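Structure record follows, encoded as structure tokens.
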Amino acid sequence: MRCNRRFEEIFGYEPGELLNRTTRFMFASDAELRQAGGDGVRDRLGGRNRSTWSASRCARTARRIWCSISGRAVQPGDPSQGSVWLLDDITQEHDAEERVQRALAEQELILDNATVGIAFLRNRVIQRCNRFLEEMVGAGPGELVGQSTAVLFASEEDWKRAGKRATQARRPGGTYRGRGARSSAATASTFICRARGRRIDAGDAEQEWIWSYDDVTAEREADARVRRALRRARARGGRAHHRAAGGEGARAAPRRPRRAHRPAQPAAAGGPPDAGAGDVAAATASRPR
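For the sequence shown, the residue numbers in our numbering are 23 to 311.
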């Protein structure tokens with residue numbers, strides 16, 4: 023085998039170390055060599071001029087690398103005359119793709135275990151959503167994908183009104199919060215939902231949003247019960263105060279009419295000055311004879 027310097031660098035060899043060696047060093051094991059094609063690679067080149075595939079390789083430093091390989095027979099139809107191979111190190115691209123796949127798997131895990139409905143929308147059409155949202159509206163797995171968000175609203179008027187408020191008044195990166203009635207196709211019922219959306223596009227004509235939906239029906243019903251109980255308590259308290267005020271007025275003793283003032287009579291003999299007739303009689307009766 024002959025190779026250029028870049029090929030040696032990919033596998034961690036010094037200049038000239040790979041000269042006249044077989045390709046076994048490129049693989050971590052004989053099993054991987056057989057899986058990649060082994061001697062059959064040369065036979066496959068006999069049927070066509072080019073062969074391309076991706077495979078995992080192992081460098082001299084035990085570093086795991088990924089390569090894209092393409093080959094061409096020197097003499098088409100006669101692989102025994104040798105072949106020329108091009109190898110491209112795609113380890114970074116492969117690792118980046120793996121990270122993306124892990125992130126997507128983690129995202130799916132988060133979506134599937136969230137306790138609120140979550141949906142990704144483009145132009146008010148559902149592109150992706152979690153299972154919780156599907157269960158909220160009584161839809162089966164995957165049934166909401168491709169559907170207009172109108173299926174999430176109790177009426178078309180509510181859907182149009184919400185769209186006008188959210189999509190026309192929010193710039194990219196902006197958020198919207200709202201509350202309204204939503205419908206359940208499975209039970210033909212409505213429920214109260216708290217919605218929060220964030221616009222994630224860069225200002226394109228096609229608006230993209232991430233929305234979360236929280237069913238607050240039980241919360242609203244509990245609030246309504248509390249308000250009704252408070253109104254009843256205030257009403258009972260007002261009637262009791264009115265009855266108490268009326269009873270005290272009924273039990274109060276009527277006032278005696280005020281006696282008119284009489285002018286003082288002349289004092290009788292031996293009586294105190296300005297004494298009245300009654301006082302004079304009392305004084306006379308108490309005088310010793």
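From the three backbone atoms N, C-alpha and C, an ideal C-beta is built for every residue, glycine too. Predicted model only: the values in this text are computed from it and were never measured.
With distances taken Cα to Cα, identify the nearest neighbour of glutamate 130 among Pro163, Thr197, Asn152, Val147.
-> Asn152
Would you report the Cα separation of glycine 168 and glutamate 128, rounded to the nearest angstrom?
-> 23 Å
Return the CA-CA distance between serine 177 and glycine 259, expressed in angstroms with no decimal places.
-> 42 Å
For tyrosine 235, which residues does DSSP report across the bridge?
-> Gly139, Ala217
Option nearest tyrosine 235 by Cα separation, candidates Glu31, Phe175, Val106 | Out of Glu31, Phe175, Val106, the CA that lies nearest to the CA of tyrosine 235 is found in Phe175.
Backbone secondary structure at threonine 306 - three-state DSSP | For threonine 306, the predicted structure reports a pLDDT of 35, less than 50, and the residue's modelled location is therefore unreliable. The matter cannot be settled from this model.
Three-state secondary structure (DSSP) of serine 211 | strand
Taking the DSSP output, what are the residues bridged to isoleucine 2?
-> Outside the modelled stretch of the chain, which goes from 23 to 311, sits residue 2, for which no answer is possible.
So what does threonine 3 bridge to, in DSSP terms?
-> Here the chain has residues from 23 to 311 only, and residue 3 is not among them.
Could you check what DSSP says for isoleucine 112 in three-state terms: helix, strand or coil?
-> coil
Length of the line joining the Cα atoms of arginine 124 and alanine 172 = 33 Å
Roughly how many angstroms lie between the CA atoms of asparagine 71 and isoleucine 91, to the nearest whole one?
-> The predicted model places asparagine 71 with a pLDDT of 44, which falls under 50 and marks its position as unreliable, so this point remains unresolved.
Opposite isoleucine 32 in the DSSP bridges: which residues?
-> Partner(s): none; isoleucine 32 has no beta bridge.
From the DSSP output, in three-state form, read off serine 102 for me.
-> helix
Same chain, Cβ closer than 8 Å to proline 37, neighbours up to 5 away in sequence not counted = Arg27, Glu30
Go ahead and pull the three-state DSSP assignment for glutamate 39.
-> coil
What does DSSP give as the partner residues of serine 170 in its beta bridges?
-> Val147
If you check the beta carbons only, do valine 248 and isoleucine 214 fall under 8 Å apart?
-> no
Take glycine 104 and list the residues in its own chain whose beta-carbon comes closer than 7 Å to its own, dropping the five residues that flank it on each side.
-> Leaving aside the five residues that flank glycine 104 on each side, the residues in its chain whose CB is nearer than 7 Å to its CB run, in chain order, Val96.
Would leucine 23 be called buried (16 or more neighbouring beta carbons within 10 Å of its own) or exposed?
-> Reading the sequence as shown, one finds methionine at residue 23 and not leucine. Exposed: under 16 other Cβ atoms inside 10 Å.
Got a sec, what are the start and stop residues for the alpha helix (DSSP H) methionine 158 sits in?
-> Residues 153–158.
Would you kindly work out how many angstroms separate the C-alpha atoms of alanine 136 and glycine 219, rounded to a whole number?
-> Using only the alpha carbons, I get a separation of about 16 Å.
For glutamate 230 and leucine 143, believed in contact at Cβ under 8 Å, the rounded distance = The beta carbons of leucine 143 and glutamate 230 sit about 7 Å from each other, so the pair counts as a contact at 8 Å.
Nearest-angstrom Cα distance between serine 73 and glycine 225?
-> Note that serine 73 has pLDDT 47, beneath the 50 cutoff, so the model's placement of it is unreliable and no number is given.
Looking at the structure shown, is glutamate 165 part of a helix, part of a strand, or coil, going by DSSP?
-> coil
Status (buried if at least 16 other CB within 10 Å, exposed otherwise) for valine 159 = buried
Is DSSP giving glutamate 128 helix, strand or coil here?
-> helix
Could you round the C-beta distance between glycine 200 and arginine 221 to whole angstroms and report it? I think they count as a contact, below 8 Å.
-> Between arginine 221 and glycine 200 the Cβ distance is about 14 Å, and since that is not below 8 Å, they are no contact.
If we call anything under 8 Å between Cβ atoms a contact, is aspartate 110 one with cysteine 89?
-> yes
Buried versus exposed, by CB contacts within 10 Å (16 or more), alanine 188 | buried
Check the DSSP bridge columns for glycine 230 and list the partner residues they point to.
-> The question names glycine, but residue 230 in the sequence shown is glutamate. According to DSSP, which records beta bridges pairwise, glutamate 230 is partnered with Arg144.
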